[in-house]
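> Submitted below is the structure of interest, expressed as structure tokens.
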Amino acid sequence: MAIIGGYLAYLFRYQLAFPNEPVPGYGLVGPDQYNSFVTMHGTIMVFWVAMPILLSGFGNFLLPLMIGAGDMAFPRLNMTSYWVFFLSTVVLLLSFFVPGGSFSGGWTIYPPLSASPGYTGVIWGGHLWILAVALEFTSMLMGGINFLTTTVAMRAKGMGLFRLPIFVWMINIASILFMFSVGPLIAGAFMLLADRLFDVGFYLPASGGDPLLFQHLFWFFGHPEVYVLLLPALGIIAEIFPVFSRKPLFGYRTIIYSTLVAGLLSFIVWAHHQFISGIDPRLAAPFSVTTILISVPFAITLFAFIATLWRGSIRLTTSMLFALGMLAEFLVGGVTGIFNGSTAADIYIHDTLFVVAHFHYTLFPVTFIATFAGIYYWYPKMFGRFMNETWGKVHFWITIIGFNAVFLPMFAFGLAGHQRRIFDPTLFDYLQPYQYLHVIATVGLIVMLAGQIPFIINFFASLSRGKVVDRNPWLANTLEWLAPSPPGHGNFDQEPVVQRGPYEYSHPLLKERDWISQGEL
Amino acid sequence: MTSWLPEDISTYGHGIDHTIRVIYYIVGAWFVLTEAVLFYFIIRYRKRKTTTATYQPGTTFKALAWILLPAALILVFDLGIDLVQGPVWNEIKIYLPTADQTVRIKGRQFVWEITHPGADGKLETPDDIQILNQLVVPVHKKIQFELQSEDVLHSLWIPNLRLKQDAVPGRTIKGWFEATKEGIYPLACAELCGSGHGTMKGQLQVLNETDYQNWLKENRSLEVGRVE
Ligand code: HEM
Ligand SMILES: [Cu+2]
Ligand SMILES: [Cu+2]
């Protein structure tokens, strides 16, 4: 799915740089295709790449291992969740091939545009979109229940809540956020479906409805959702930082508390997506304050990560490079969010490419950079071999350089007044002078996409050629490194008993080595 | 960075630009500082044979001060930003000044239908002038607009005026602006509204008083009922 999402990005990125020229490998992209590709790109990246990789992928593999359990609490539910996800993917992909094409109303599916097929010409594409997302959410909910139950009920002896690795905390907080936020959206989507199928008019003013209602329901879910993606990514890099700086995670408890605070706050910021949507402008002020306030708990977490490096002994392995890269790039996304959160500044930058740049600077590090960090780090556990480090570093640098080339120009473009979701910027005279920025971004994307080839080759070649490793090649403390690589059925040879916290590196009492596993007597 | 912004031709635009600039300097400074510390640590504590890591779990309040104090400072800056932007927002979106003139702007897939008051300066009279995609206003006048939509969401976007406001079917949203410079400026739609969203564009024409009066006379032919 990541490849499809990336391919779609390539299609419309190319169109933006060279409007109305056929895209190599596809053909002409008209306005309808453009809208539908952007919509599907957003949908796929958020719901079919970021969520399944970060939550389900890493979560299912690591969570039982990290808490010293043999498996998830409900293995069957896990299978069901997997198959429901599979089905949701089929439904979504099917929507590309139905008459009228796939959905084109934006990934936020705002009505009335999305409520009546008459406005977009897309009929089945819209129904299937809603069905696919509903199935996907069902699958994610099942997964979430499983994570929570597993964490509560299956921890190894001695694994107190404050001995859990941060990753486990993050997965659980993310699952809780998802559970509490998704209800209103499901209701909202059903109402939308009713509008589409039976003209009920929940969102149509002519029938007494209100389009803004949907926006409230959507963003009540949508904002916490971005933290659902972010938290597992932060969890991944929180595991990597201590190992490769040989230090305890700085402020372990503080990170947990501030994440909980940020999670709570994330429920009272949704209207910052609606400052100029027609809600009462007096409502904007409180939402702006809460939004900007969220910077505080996240700043604490990020500072804690940086403090973990202080007086460490840092090893720049590929996974550490990606983890550091995630932090460095995510900071750009973090600070630029303040512009969007500020009511007055948002009047100007709302719905411009500035916003697109901002959220890609948060979501790309989260979705891809952190995932790469995690893959390079846990690959030895998954397959019992190392990935090639040299190629890993090549992959890292191309990805980082390409990524910045794609999105940095968009900040400038947004400030120049470039609105989102337009398929041909050359139609607007005032954007003409900056058209070269689109070309830079598109070249950047092609470089970045090409840069994934070494990764893919490395990944598969290392399965048979990578250096064979023992259980704990990085000399790490968390429990997954006690299990064989790859972990067999039941994960551990014998049930681990937890003696201490997960990040006891370089403890003064340690002699000869600087680590001591959580499960070591 | 603010040099990327297009020319500001409205009375309140500088407030928005100022807010953007204030935020830019604040977050810019934090950003540079944080990245500098990050890179400094990476280089300084890169593994060397002699260095061993120090055990610092960050459990005591004293150790945590290293991260809590900067965070407290961020809180202060956050409140500062709130204070700077609040009045700007109030001026633009909340307190509408008494208008010299009112126009009605209606979005529809994929045009802006704009109703100007005729010579009598009032809407809803027979001499109203209705045109597609042309918003014509006199300079230095407080113009109030009534924004509507006939079908889906649109968003009125006039970068030079620093003006953006969604148009929502079923509502009339009021807002205002005052242009300070004659000329022709782009006007666009900023909310995805269907396949023609990317072509939904128009012009803002700011005229001086005499040109405006002439324009009114010349365009008697566009009075309501005879448009399209
Ligand atoms: C592979 C690199 C990526 C590129 C080159 C890319 C490019 C773009 C561009 C240019 C747009 C704006 C199109 C427009 O407004 O007309 C866009 C929209 C979007 N992207 Fe990406 N993107 C990438 C990765 C991601 C990732 C990782 C995510 C999320 C996890 C993501 C989520 C979105 C969303 C939600 C939208 C908004 C869609 C909409 O307007 O309905 N993208 N992307
Ligand atoms: Cu429009
Ligand atoms: Cu539009």
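Chains as they are written, first to last, in the numbering used here: chain U, 2 to 522; chain Y, 1184 to 1411. Backbone N, C-alpha and C define an ideal beta-carbon position, used for all residues, glycine too.
#1: Under a CB-based cut-off of 8 Å, is R77/U close to chain Y?
#2: Closer than 7 Å, Cβ to any Cβ of chain Y: which residues of the region 334-363 of chain U, in chain order?
#3: Would you kindly work out how many angstroms separate the C-alpha atoms of E22/U and T1393/Y, rounded to a whole number?
#4: With H, G and I counted as helix, E and B as strand and the rest as coil, what does DSSP make of E1411/Y?
#5: Looking at the structure shown, is D1349/Y part of a helix, part of a strand, or coil, going by DSSP?
#6: Just the chain Y side, please: which residues come within less than 7 Å of I423/U by C-beta, in chain order?
#7: When you compare only the Cα positions, how much space is there between I1257/Y and F1214/Y?
#8: Are the region 171-189 of chain U and the region 226-234 of chain U touching, with three or more C-beta to C-beta distances below 8 Å?
#9: Would you mind stating whether T291/U and I269/U have Cβ atoms separated by less than 8 Å?
#10: With a threshold of 16 other CB atoms inside 10 Å of the CB of L1318/Y, please say whether the residue is buried or exposed.
#11: Could you give the distance in angstroms between the alpha-carbon of I5/U and the alpha-carbon of G26/U?
#12: Would you mind reading off the limits of the beta strand (DSSP E) that contains L1330/Y?
#13: Have a look at L1266/Y and T44/U and give me their C-alpha separation to the nearest angstrom.
#14: Taking 7 Å as the cut-off, is the beta-carbon of W108/U closer than that to any non-hydrogen atom of ligand 1?
#15: Going by C-alpha distance, which of F97/U, T90/U and F384/U is nearest M141/U?
#16: Using a beta-carbon distance cut-off of less than 7 Å, what residues from the region 118-136 of chain U approach chain Y?
#17: At a Cβ cut of 7 Å, what residues of the region 1346-1373 of chain Y count as close to chain U, listed as they run along the chain?
#18: Would Q1268/Y count as contacting chain U if we go by Cβ distances under 8 Å?
#19: Within the chosen definition, does the region 492-501 of chain U reach the region 157-172 of chain U through at least 3 CB pairs nearer than 8 Å?
#20: Let me see if you follow: with CB-CB separation under 8 Å, is Q1292/Y close to chain U or not?
#21: Among all the DSSP beta bridges, which residues are the ones paired with I1314/Y?
#22: Among F242/U, P509/U, L214/U and A285/U, which residue has its Cα nearest to the Cα of S314/U?
#23: Could you tell me whether the Cβ atoms of V183/U and L129/U are closer together than 8 Å?
#24: Which residues have their C-beta within less than 5 Å of a heavy atom of ligand 2, listed in chain order?
#25: Using the Cβ count rule (16 or more neighbours within 10 Å means buried), how would you classify E1411/Y?
#26: Determine the extent of the beta strand (DSSP E) in which H1337/Y is found, giving its start and end residues.
#27: I need the straight-line Cα distance from T427/U to T353/U, nearest angstrom please.
#28: For chain U, is any of its Cβ atoms less than 8 Å away from the one on R1409/Y?
#29: Quick one: Cα of E1333/Y to Cα of A1373/Y, how far?
#30: Tell me, please, which residues DSSP counts as bridged to Q1284/Y.
#31: Taking only heavy atoms of ligand 1 into account, decide whether any of them is closer than 7 Å to the Cβ of H273/U.
#32: Using DSSP bridges, identify the partner residues of F1360/Y.
#33: Mark R1287/Y as exposed unless 16 or more other C-beta atoms lie within 10 angstroms of its C-beta, in which case mark it buried.
#34: Assign K1400/Y to one of two classes, buried (16 or more other C-beta atoms within 10 Å of its C-beta) or exposed (fewer than that).
#35: Please state whether DSSP places R386/U in a helix, a strand or coil.
Here's the rundown:
#1: no
#2: V336, I339, F340, S343, T344, A345, A346, I348, Y349, H351 and D352
#3: 46 Å
#4: Here E1411/Y scores only 44 on pLDDT, less than 50, and its place in the model is too uncertain to base an answer on.
#5: strand
#6: H1380 and G1381
#7: 12 Å
#8: yes
#9: yes
#10: buried
#11: 13 Å
#12: DSSP places L1330/Y in the uninterrupted beta strand (DSSP E) bounded by I1326 to S1332.
#13: 36 Å
#14: yes
#15: Considering only alpha carbons, the answer is T90/U.
#16: Y120 and T121
#17: K1347, Q1348, D1349, V1351, P1352, G1353, R1354, I1356, P1369, A1371 and A1373
#18: yes
#19: yes
#20: yes
#21: I1297/Y
#22: F242/U
#23: no
#24: H1337/Y, C1372/Y, C1376/Y and M1383/Y
#25: Below a pLDDT of 50, predicted positions are generally treated as unreliable, and E1411/Y, at 44, falls in that range; no measurement from the model is reported.
#26: H1337 to I1341
#27: About 16 Å.
#28: Residue placement at R1409/Y is poorly supported in this model, since its pLDDT is 47, which falls under 50; the coordinates still yield a value, given next. Nearest CB-CB separation between R1409/Y and chain U: not below the 8 Å threshold.
#29: Each residue's Cα considered, the two are about 16 Å apart.
#30: I1326/Y
#31: no
#32: In DSSP, F1360/Y forms a bridge with I1326/Y.
#33: buried
#34: exposed
#35: strand
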